[in-house]
Amino acid sequence: MFSFRLLGLAAAVVALAACSPQGFSEVNTLNKTSASGSPFTQQLTAEYKAFSNYLLNTMQDYADSVHFARKGLESAKGENIMPEPVNDWDLEATEITELSDARARLISAFDRGARDIIPGKTAVAQARYDCWIEQDEGSVNDTGKKGNLNCKNEFLAAMQEVEAAIPAAPAAPAAEEVPEPVGMMDAKPEPMDLKEAMYLVFFDWDSSVVGTGGSSVLDAVVKEVAARGVKHVNIVGHTDRSGPNDYNDKLAMRRANAIKKELIARGISADMISVSGRGENELLVQTADNVREPANRRGVITFE
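Residue numbers (this note's numbering): 8 to 311.
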């Protein structure tokens with residue numbers, strides 16, 4: 008999902024809890040927006056609008072619905088929004104390879120004028136690629152829950168039409184023979200420092216209830232504790248800037264304690280867990296006062 012993503016750390020897991028439909032300002036704004044710009048950006052806006060509403064209403068995936076709604080809002084301005092970078096998503100190794108190849112095909116088509124030559128189908132291909140990558144991450148973090156879309160096959164079908172309509176890609180130059188490296192040894196990547204691992208649980212506005220997405224995060228936390236020999240778990244509760252400071256301080260502690268309660272129920276000793284609250288301090292997304300920002304309504308879990 009910003010979809011803000013704390014990725015690039017092999018052991019860091021970011022998962023996002025679903026929220027209720029009230030206050031989904033980005034999705035609501037996109038639904039009311041008329042797209043401008045080229046035929047490609049207008050069609051892409053419509054695709055992101057449909058996808059963000061599907062994620063919100065069918066999958067109850069708040070964070071990703073906001074992320075793709077924001078892409079749709081940028082596209083509605085006439086901006087050529089790029090397809091999702093593979094490294095921004097939590098994927099299996101086989102999925103990374105397949106999606107990297109797919110993205111390279113799409114970028115190559117852009118370079119050969121696909122946005123102008125066959126704009127509608129090119130926009131569909133980009134939207135289905137983004138849907139495909141979101142679904143594949145869902146299969147990693149949500150115990151196989153992918154939804155009822157078939158975005159991979161729809162991407163492949165759209166790309167066939169796009170590539171048939173645009174100039175062929177230039178032939179690759181013949182590969183030069185490269186000598187074997189001398190004096191190099193196979194190296195295994197060092198495991199990430201346990202102190203760098205971070206798990207996030209997100210909350211509805213004015214709520215300290217751990218939702219379905221948050222429960223999946225806590226299941227992963229329990230596995231991490233068992234696998235890495237964790238001695239201590241730190242939980243810090245946060246709020247957005249809506250509401251008074253003193254109320255938010257208490258709400259942050261309720262969120263931290265709600266996570267602690269769920270971890271204890273999963274078998275983690277209460278003696279291993281410490282909780283604290285930051286209220287509306289240490290925002291993940293900087294906002295003005297009294298602004299409801301879902302990214303800031305979170306609990307942060309780290310280890311020692």
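Beta carbons: idealized from backbone N, C-alpha and C, even for Gly.
Given the structure is predicted, the values throughout are model-derived calculations rather than measurements.
Separation of residue j from residue i, as counted between CA atoms
i: Ala130; j: Arg304; result: 33 Å
i: Asp226; j: Asp68; result: 18 Å
i: Val240; j: Glu300; result: 26 Å
i: Thr294; j: Ile173; result: 44 Å
i: Met205; j: Ile140; result: 22 Å
i: Val224; j: Lys202; result: 17 Å
i: Phe9; j: Tyr254; result: Here Phe9 scores only 33 on pLDDT, less than 50, and its place in the model should not be relied on; the value that follows carries that caveat. C-alpha separation (whole angstroms): 27 Å.
i: Leu51; j: Ala83; result: 8 Å
i: Ala76; j: Lys56; result: 6 Å
i: Arg110; j: Pro90; result: 7 Å
i: Val169; j: Ala121; result: 7 Å
i: Leu207; j: Ala53; result: 31 Å
i: Gly85; j: Gly79; result: 10 Å
i: Ala175; j: Ser32; result: 42 Å
i: Ala145; j: Ser107; result: Looking at the sequence provided, one finds Gly at residue 145 rather than Ala. Roughly 17 Å separates the two Cα atoms.
i: Val216; j: Thr65; result: 21 Å
Those residues which DSSP pairs with residue i across a bridge
i: Val240; result: Ile280, Phe310
i: His245; result: Gly286
Three-state class that DSSP yields for residue i in the structure shown
i: Phe210; result: coil
i: Gly286; result: strand
i: Arg235; result: helix
i: Arg305; result: strand
i: Asn60; result: helix
i: Pro126; result: helix
i: Ser43; result: coil
i: Thr219; result: helix
i: Asn297; result: coil
i: Thr65; result: coil
i: Ala53; result: helix
i: Met205; result: coil
i: Asn264; result: helix
i: Leu106; result: helix
Selected residue, minimal CA-CA separation from residue i, among the options
i: Ser249; options: Ser276, Trp212, Pro92; result: Trp212
i: Asn94; options: Gly85, Glu86, Thr104, Ile88; result: Thr104
i: Glu287; options: Gly44, Asp296, Ser281, Gln49; result: Asp296
i: Ala263; options: Ile242, Ala277, Ser214; result: Ile242
i: Leu37; options: Asn252, Phe47, Gly218, Ser59; result: Ser59
i: Tyr61; options: Asn252, Gln142, Gly274; result: Gln142
Integer-rounded CB distance, given that residue j should sit under 8 Å from residue i
i: Ile280; j: Gly306; result: Not a contact, Cβ separation roughly 12 Å.
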